[in-house]
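The structure appears right after this line, and notes come after that.
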């Protein structure tokens, strides 16, 4: 279940947010990340169950307890996965840019040799 939950939509944003801001209550996370209440509640419960985050409830002065969430050591460690994924995306983008640049150079060489290349966009 570990990798499956890390791949879910919004999980990276939640973990990164908690890493940046520390312990936050449900309303803060919901407001800042603009995730609907039901989805956020489900994701936070799953993250608590998998021990990526911890939950603390504060009853004082509230009808319902106020829930606070904080990144655990496992949660902090999981951020490495997202960092590596970001690095892979950057490398992929750089690779595509280099390939596109090489194609342009080949076409320019062909044109310089008197060859004419026409590209027709398909329907």
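In this note's numbering, the protein residues as written are 16 to 138. Beta carbons are placed, not taken as given, at the ideal position from N, Cα and C, and that holds for glycine.
Checklist line | Rounded Cβ spacing between residue 89 and residue 67 (contact assumed at less than 8 Å) | finding: Contact check for residue 89 and residue 67: beta-carbon distance about 6 Å, within the 8 Å limit, so the pair qualifies.
Margin query: Per the DSSP calculation, residue 86 is bridged to which residue(s)?
Written below: Beta-bridge pairing links residue 86 to 68.
Check: When you compare only the Cα positions, how much space is there between residue 37 and residue 83?
Finding: Inter-residue distance for residue 37 and residue 83 is about 10 Å (C-alpha atoms, whole angstroms).
Item checked: Three or more C-beta pairs below 8 Å linking the stretch 96 to 105 and the stretch 57 to 64 -> Cβ pair count under 8 Å is below three, so no.
Margin query: In this structure, how does DSSP classify residue 49 when only helix, strand and coil are distinguished?
Written below: In the three-state reduction of the DSSP assignment, residue 49 falls in the coil class.
Next item on the list: Please report how far the alpha carbon of residue 150 lies from the alpha carbon of residue 97, in whole angstroms.
Entry: What is shown of the chain runs 16 to 138, which leaves residue 150 out entirely.
Next item on the list: Could you check which residue in 78, 69 and 27 has the C-alpha nearest to that of residue 87?
Entry: Checked all of 78, 69 and 27; the closest Cα to residue 87 is 69.
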